[in-house]
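Below is one structure; the comments refer to it alone.
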Amino acid sequence: MPELALSAEPGHEAIERRSLMAAGAGQNARMLPDEAVVPYCDALGDRLGALALALEREQQGGRLSIAACAAASLFLNEIRATLAVMALKHGRQLLDVEPLPLTIDPTESGMPTVKEFWMLHEDRDRARDQLAQIPAPPQLVADALDQIYAGRRPIKQQILWLQRAYMERLAATAIVTDFRQMSPLKLGSDKSDRIYSVSWTGLVRSLNLFECVTLHFVERGGWHVTGGIEDLRDLIDSIAGGRADLPEMIGLLNQAAWIVPRSLERVTIGPYHHGFTQNDEPIQRAFAAAAGQEPFLLEATIERAVTVKAARRSTLDKLFGREPMESGPSVRYRIVLAPLGIKQLLGSADEDGQPATVYGLSADGELVL
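With this note's numbering as the guide, the letters of the sequence shown map in order to residues 722 to 1090.
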């Protein structure tokens, strides 16, 4: 496909274009103003939903497999649900009683910092005990009415109501975590089919971004995923969590004798530029074209690598029954989501002039290519 060459230029590393934190420049955390927390979470959640629709368009265009698109969409829904919980947690500070500032990464990603996700997991561990100590909703309503009839504001009841709503939502939500492996899926309905896909998701701590990786592989030697799930989990644990390039990851997968890797895809979600990030001149120039809409740029990157032929087998490969595969070049696609005015300015490139598919988001939420 012609666009492959455009996005696979040697040395093009779009994700790390402004590695300010790594270079020691700028702050790596910023507290949002109290009144901005809930709108920030709501807006980012809506834009991640639009990004999921954009990924579906990319899948229909052949730039993302069905399995990778489905896994990325599930992960985006998980992030959105986590943001909704964050909004409930930090919305309590609007009562001017409990300071709960939300911190974002203003240099690398524009997303909530990793600390915010850790704190949600800590809160979740305590959620059941705290819920047992908070009165049930009918009792809170009755107590609030008593305060109102007595001429007093029911501040305590409001706080407890928000606390209960937060804890209940938290207990029912799969919070984004450092690493989560999904169950393997068998592709094809015939018993003879031995092609599987498996995906895993997580946080890229060094850049404060999100990633979803999908592996397609063929099982060998009668080994079955249903019987060897722990082996598969251990294998993925050994290659996940870093930012190795895809051909290198395929090389690591070659060490397993019971699978033959076919393809590897990685969707990186972010960075997200908005009014609270440290925006350089190209971003500011793009924001000036927002034409009345709130300016933002939500970006994502799709990387794909496929195996092209069997590699030469070493003596150890023959001894352990491995069939190593050679990987072709990794290709990269860039996706940008922006208000319509910014899309018109960017055309078919990102803010740096690098090739990208730019999707416009109208004021009423319609996605425009």
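Backbone N, C-alpha and C define an ideal beta-carbon position, used for all residues, glycine too.
Exercise. Counting along the chain, where does the beta strand (DSSP E) carrying H937 start and finish?
Worked result: 930–940
Problem set entry | Spatial distance of P982 from D952 (CA atoms) | 15 Å
Exercise. When DSSP labels each residue in this structure, what does L985 get in the three-state scheme?
Worked result: strand
For this session: For H842, name the three-state secondary structure that DSSP assigns.
Result: helix
Problem set entry | Buried or exposed by the 16-neighbour rule on C-beta atoms within 10 Å, applied to R1055 | buried
Problem set entry | L930: CB within 6 Å of a non-hydrogen atom of the ligand PLP | With respect to small molecules bound, the structure shown includes none, and the ligand PLP cannot be examined in it.
Problem set entry | C-alpha distance - G909 paired with I916, whole-angstrom precision | 7 Å
Problem set entry | C-alpha gap between F938 and A793, whole angstroms | 18 Å
Problem set entry | A788 - containing alpha helix (DSSP H), residue span | 787–811
Problem set entry | Limits of the beta strand (DSSP E) - the one that I1056 falls within | 1052–1060
For this session: Please state whether DSSP places S920 in a helix, a strand or coil.
Result: strand
Problem set entry | Three-state secondary structure assigned by DSSP to G872 | coil
Exercise. In chain order, what residues of the same chain lie with their CB nearer than 6 Å to the CB of Y887, ignoring the 5 residues before and after it?
Worked result: L809, K810
Exercise. Tell me, which residues are paired with Q902 by DSSP?
Worked result: W921
For this session: Can you say whether E737 is buried or exposed, counting buried as having 16 or more other CB atoms within 10 angstroms of its CB?
Result: Confidence in E737 is poor, its pLDDT being 36 and thus under 50, which makes the residue's placement too unreliable to answer from.
Exercise. Mind checking M752: buried by the 16 CB within 10 Å criterion, or exposed?
Worked result: exposed
For this session: Assess, as a yes-or-no matter, whether the region 846–853 is touched by the region 827–837 under the definition of 3 or more beta carbon pairs within less than 8 Å.
Result: no
For this session: Reducing DSSP to helix, strand and coil, say where M752 ends up.
Result: strand
Problem set entry | Span of the alpha helix (DSSP H), counted from its first residue to its last, around V759 | 758–781
Exercise. Nearest to S1051 by CA position, among P1003, D966, S1083, is which residue?
Worked result: D966
Exercise. Alpha carbon to alpha carbon, how far is I1063 from V925?
Worked result: 28 Å
Exercise. In the structure shown, what three-state DSSP assignment does V862 receive?
Worked result: helix
For this session: Keeping to the same chain, check which residues put their C-beta closer than 8 Å to that of Y993; ignore five residues upstream and five downstream.
Result: L765, R768, S830, G831, M832, F1017, L1018, L1019, E1020
For this session: For the alpha helix (DSSP H) containing G972, list its first residue and its last residue.
Result: 967–974
For this session: Kindly indicate which three-state DSSP category E1072 falls into: helix, strand or coil?
Result: coil
Exercise. Below 7 Å between beta carbons: does that hold for L1091 and V758?
Worked result: With the chain covering 722 to 1090 only, the question about residue 1091 has no answer from this structure.
Exercise. When we look at the beta-carbon of Q667 and count the other beta-carbons within 10 Å, is it buried (16 or more) or exposed?
Worked result: For the chain, the structure presents residues 722 to 1090; residue 667 sits outside this window and is missing.
Problem set entry | Three-state secondary structure assigned by DSSP to A892 | helix
For this session: In angstroms with no decimal places, state the Cα-to-Cα distance between S904 and L1088.
Result: 31 Å
Exercise. Within 7 Å (strictly less), CB to CB, does S920 reach chain B?
Worked result: You won't find chain B in this structure, because it holds only one protein chain.
For this session: Locate the beta strand (DSSP E) running through V1079, then write down its first and last residues.
Result: 1078–1082
For this session: Could you give the DSSP three-state label for A1021: helix, strand or coil?
Result: strand
Exercise. For G812, which option in C762, E799, P856 has the closest C-alpha, if you only look at C-alpha atoms?
Worked result: C762
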